[in-house]
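Heads up, the sequence shown is in the working numbering, so the first residue is 210 and it goes up one at a time. The beta-carbon is built from N, C-alpha and C at its ideal position, and this holds for glycine as well. In this text the structure is predicted, and so the values were computed from the model without any measurement.
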Amino acid sequence: MSREPNYEFQEWWNKQREKNHDFFTNDSNNANKGFLTVEIRSLNPDLTTEKDRSRSARQLSWICLLRFQQLANSLAWITNSFLLLLRTANRRISAADSPCDSSASRLYRIIKFFLVLVVLLLCVELVAYFKGWHFSPPSAASAEAAVELFYALWLEIRADYLAPPLQSLANVCIVLFLIQSMDRVLLMLGCLWIKIRRIKPTASMEYPMGRVETGNVDDYPMVLVQIPMCNEKEVYQQSIAAVCIMDWPKERMLVQVLDDSDELDAQNLIQAEVQKWHQKGVHILYRHRLIRSGYKAGNLKSAMSCDYIKNYEFVAIFDADFQPAPDFLKKTIPHFRGNDDLALVQARWAFVNKDENLLTRLQNINLSFHFEVEQQVNGVFINFFGFNGTAGVWRIKALEDCGGWLERTTVEDMDIAVRAHLCGWKFVYLNDVKCYCELPESYEAYKKQQYRWHSGPMQLFRLCFLDILHSKVNKAKKANLIFLFFLLRKLILPFYSFTLFCIILPLTIFLPEAELPAWVVCYVPGIMSVLNILPAPRSFPFIVPYLLFENTMSVTKFNAMISGLFRLGNSYEWIVTKKLGRSSEADLVAFENESDSSVTETTSFLRSSSDSVLEELSKLEVTSRRSVKTKRNRLYRMELTLAFILLSAAGRSLLSAQGELTVGHYRCHLESELQVTLTQHLLTNNSNFGVTGSGLKQFSIGHSLYGCQNANCEATCHWLKYKVCTKQKGIFEED
210 MSREPNYEFQ
220 EWWNKQREKN
230 HDFFTNDSNN
240 ANKGFLTVEI
250 RSLNPDLTTE
260 KDRSRSARQL
270 SWICLLRFQQ
280 LANSLAWITN
290 SFLLLLRTAN
300 RRISAADSPC
310 DSSASRLYRI
320 IKFFLVLVVL
330 LLCVELVAYF
340 KGWHFSPPSA
350 ASAEAAVELF
360 YALWLEIRAD
370 YLAPPLQSLA
380 NVCIVLFLIQ
390 SMDRVLLMLG
400 CLWIKIRRIK
410 PTASMEYPMG
420 RVETGNVDDY
430 PMVLVQIPMC
440 NEKEVYQQSI
450 AAVCIMDWPK
460 ERMLVQVLDD
470 SDELDAQNLI
480 QAEVQKWHQK
490 GVHILYRHRL
500 IRSGYKAGNL
510 KSAMSCDYIK
520 NYEFVAIFDA
530 DFQPAPDFLK
540 KTIPHFRGND
550 DLALVQARWA
560 FVNKDENLLT
570 RLQNINLSFH
580 FEVEQQVNGV
590 FINFFGFNGT
600 AGVWRIKALE
610 DCGGWLERTT
620 VEDMDIAVRA
630 HLCGWKFVYL
640 NDVKCYCELP
650 ESYEAYKKQQ
660 YRWHSGPMQL
670 FRLCFLDILH
680 SKVNKAKKAN
690 LIFLFFLLRK
700 LILPFYSFTL
710 FCIILPLTIF
720 LPEAELPAWV
730 VCYVPGIMSV
740 LNILPAPRSF
750 PFIVPYLLFE
760 NTMSVTKFNA
770 MISGLFRLGN
780 SYEWIVTKKL
790 GRSSEADLVA
800 FENESDSSVT
810 ETTSFLRSSS
820 DSVLEELSKL
830 EVTSRRSVKT
840 KRNRLYRMEL
850 TLAFILLSAA
860 GRSLLSAQGE
870 LTVGHYRCHL
880 ESELQVTLTQ
890 HLLTNNSNFG
900 VTGSGLKQFS
910 IGHSLYGCQN
920 ANCEATCHWL
930 KYKVCTKQKG
940 IFEED
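Here it is as structure tokens:
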């Protein structure tokens, strides 16, 4: 018998399930929806799970100690790194080992004093900035503290005594800068005219290319080839080989290897190389001087004193790192035919290592402009330019007529060119005839080379100035020599480039009353840099490093110019530019293959050397490996000091820019309030606003300090001055 259903319990159960469905819920995620899921909650929850995770005082102290230890370790690491950087920089800072030790030391002391002065001025401006004196400059009458009085007096001294002479010097340098820029523009226009009209020197005859037959040599004049060198073991073999394979009759050419080496190993190597080519049938001689007086000029002078020189008509000169093409003489000698007044034929330099590093790329920019523009324009229009000392052919009669080689300067090439020009001789420059050479790849070697190149012209100008005035050439040639060749391009250029951009520019930032226009600092130098790079268009990506590089080198050039002009330091010392022998024998083989494929037997000499030479080379390699030290980058103290000066000036300019941003809104409000206040006080009889005294002066100082270019501020300043003047005269008029 079944139990009767309990309807009351079921009704209660349904009501409870509807009221509180938290006890019984449907599991929607379960595949079987027929089951119910019951959530059971504890009546006594575990209070430990709700416990707050708080730290004790001991734990906090340990955490603080760990943080302090990490901070101390970081500070110690930073300090050690900074000290290590200073020690490394101190080891790598180059001392005054240039050929201008004493003069460089004087200039370095001046620049170092200037750096100390600039740092002190920067500290003063920092104090003034944090005191708020940049916004409201104090006056000497209202100053309370000693520091405030000092800054007020500094503002008055700066505005009344320091800014006017600085502005005058800046104006002089700006004028010189514009003159030199106009000279560059005229040179570029002349070069453009030559390119458009396709003007180039033409010879009255041409020699046939290829090997010269032995019987037909009467049309070939006697040529003397000189190779002066001194301790240049890296490049002697290439230059001697390049000269010996030149396409010229052997019986009509004599090669003189003028060795001034004082190292016995170098002498033996060069002598063995000369002997090797002599055995191959080349007329070549080895000359060595026991007394090395006069450097390169003395070496050439000694070689020209030989008795057999009278049998030769022309002399070609190549430095130890130059490799002329086999057809060099065939392209240069014909220009002398029919031009009895022609003394020199100069070829262009080309560089085998111009893409070796950034320094060689920047040198290529300057030298490309020199040969492509300066030498070519001067050669076409006035038939005069400075002899480059190598890669040129001289008429021996012209050398004798102007007095021969003299030992009075370190630029014997320029010296003999000037004297030949004063004697009436003409020069020809061949831009399409190239002679390959090597650029210095280290900054130290480049500095020494540039020092000699910029001190020598000043020595020569001081010695030959009276000779130029008393010469028989016309006034136009005298003016060109004095004002363009010497003063503008050899004296003014290094003077203004160093003074304007390394001295005046930082000072105008610390003395804002003296202004330097933006077009002088930015636009004109940028345009001139673009013009300089045009002859080497592949160097356009390096225009910014080129600007910085020229600014850095201006210190060395200025020092060299002053040393040569006033005979300071060892300005007469000659230091051979270090070469690395980048010009390989493959270049000579390429030259020979291009000229004539039939002379491959001659080029095979370049690939082999005698056993004695190989033994000497192996000995030198072993000794060099023992003595050579690891090369490291060096820091140059003069350039480093100048960099800190420019960085200090940049910090001061950044401070001024920050001040302008802070005071900009205040100035606009000040202008409107100042106009209303001044109008009210000027209209009253008992006006004692101080406009004619410290008020106007304070406003003017603030106006110049901010360097404001705002039209409203300019109008306010002029309006204020006008009101003061009319108030003093008693002729007040309404605007």
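Enclosing beta strand (DSSP E) for residue i [first to last residue]
i	result
residue 402	Run containing residue 402: none in the beta strand (DSSP E); it sits in the alpha helix (DSSP H), 372–406.
residue 753	It is not in any beta strand (DSSP E) - residue 753 instead sits in the alpha helix (DSSP H) that spans 752–775.
residue 537	Taken as a continuous stretch (DSSP letters only), residue 537 belongs to no beta strand (DSSP E), being part of the alpha helix (DSSP H) at 537–541.
residue 532	That residue, residue 532, is in no beta strand (DSSP E); it is neither H nor E in DSSP.
residue 526	523–526
residue 545	Run containing residue 545: none; DSSP gives neither H nor E here.
residue 554	551–560
residue 438	432–438
residue 493	493–497
residue 462	462–468
Rounded C-alpha distance that separates residue i from residue j
i	j	result
residue 907	residue 359	Here the model assigns residue 907 a pLDDT of 43, short of 50, so the residue's position is not dependable and the matter cannot be decided.
residue 756	residue 464	43 Å
residue 327	residue 717	11 Å
residue 488	residue 402	50 Å
residue 602	residue 556	9 Å
residue 416	residue 539	6 Å
residue 446	residue 314	39 Å
residue 336	residue 322	22 Å
residue 687	residue 531	33 Å
residue 515	residue 743	45 Å
residue 669	residue 559	27 Å
residue 437	residue 371	53 Å
residue 219	residue 227	13 Å
residue 524	residue 732	46 Å
residue 346	residue 329	19 Å
residue 624	residue 361	56 Å
residue 282	residue 299	25 Å
residue 476	residue 468	7 Å
residue 235	residue 224	In this predicted model, residue 235 has a pLDDT of only 49, less than 50, meaning its place in the structure is not dependable; the value taken from the coordinates is given anyway. Rounded to whole angstroms, residue 235 to residue 224 spans 17 Å at the Cα level.
residue 848	residue 784	21 Å
residue 350	residue 850	39 Å
residue 681	residue 702	29 Å
residue 439	residue 505	9 Å
residue 564	residue 751	12 Å
Residue range of the alpha helix (DSSP H) that includes residue i
i	result
residue 352	That residue, residue 352, is in no alpha helix (DSSP H); it is neither H nor E in DSSP.
residue 518	That residue, residue 518, is in no alpha helix (DSSP H); it is neither H nor E in DSSP.
residue 676	652–679
residue 267	266–301
residue 715	714–719
residue 478	473–488
residue 737	733–742
residue 507	504–513
residue 416	No alpha helix (DSSP H) holds residue 416; DSSP gives it neither H nor E.
residue 196	Absent from the model: residue 196. The displayed extent of the chain is 210 to 944, so no value can be given.
residue 745	First-last for residue 745: undefined, no H or E at that position.
Contact belief for residue i with residue j at Cβ below 8 Å, rounded distance in angstroms
i	j	result
residue 748	residue 573	7 Å
residue 664	residue 599	Rounded, the Cβ-Cβ distance is 19 Å, inconsistent with contact.
residue 637	residue 707	The pair is not a contact, with the Cβ atoms about 35 Å apart (cut-off 8 Å).
residue 400	residue 585	6 Å
residue 704	residue 767	7 Å
residue 659	residue 769	7 Å
residue 333	residue 363	7 Å
residue 709	residue 273	That pair is no contact at about 57 Å.
residue 758	residue 571	5 Å
Test: residue i CB closer than 8 Å to a CB of chain D
i	result
residue 556	Here there is only one protein chain, and chain D is not present.
What runs of the alpha helix (DSSP H), each 4 residues or longer, lie entirely inside the stretch 566–634?
Here the runs fully enclosed are 567–578, 585–590, 605–610 and 621–631.
Does the contact criterion of 3 or more C-beta pairs under 8 Å hold for the stretch 620–633 versus the stretch 527–545?
Touching, no, given that fewer than three Cβ pairs across the two stretches are closer than 8 Å.
Check whether the stretch 492–508 and the stretch 448–462 touch, using three or more Cβ-Cβ pairs below 8 Å as the test.
In short, these stretches touch, since the Cβ pair count reaches three.
Taking one C-beta from the stretch 459–476 and one from the stretch 428–445 each time, how about it: are there three or more such pairs within less than 8 Å?
Between the stretch 459–476 and the stretch 428–445 there are three or more C-beta pairs closer than 8 Å, enough to call the two in contact.
Check whether the stretch 730–744 touches the stretch 390–410, taking contact to mean three or more Cβ pairs, one atom from each stretch, closer than 8 Å.
A contact exists between the stretch 730–744 and the stretch 390–410.
Below 8 Å, how does it come out for the stretch 720–727 and the stretch 374–389: are there three or more Cβ pairs, yes or no?
Taking 8 Å as the limit for Cβ pairs, the verdict is that the stretch 374–389 does touch the stretch 720–727.
Is the stretch 666–680 touching the stretch 603–622 in the sense that three or more CB pairs, one from each, lie closer than 8 Å?
With the rule of 3 Cβ pairs closer than 8 Å, the stretch 603–622 counts as touching the stretch 666–680.
Can at least three beta-carbon pairs, one atom from the stretch 574–581 and one from the stretch 500–513, be found at a separation below 8 Å?
Result no; under three Cβ-Cβ pairs closer than 8 Å.
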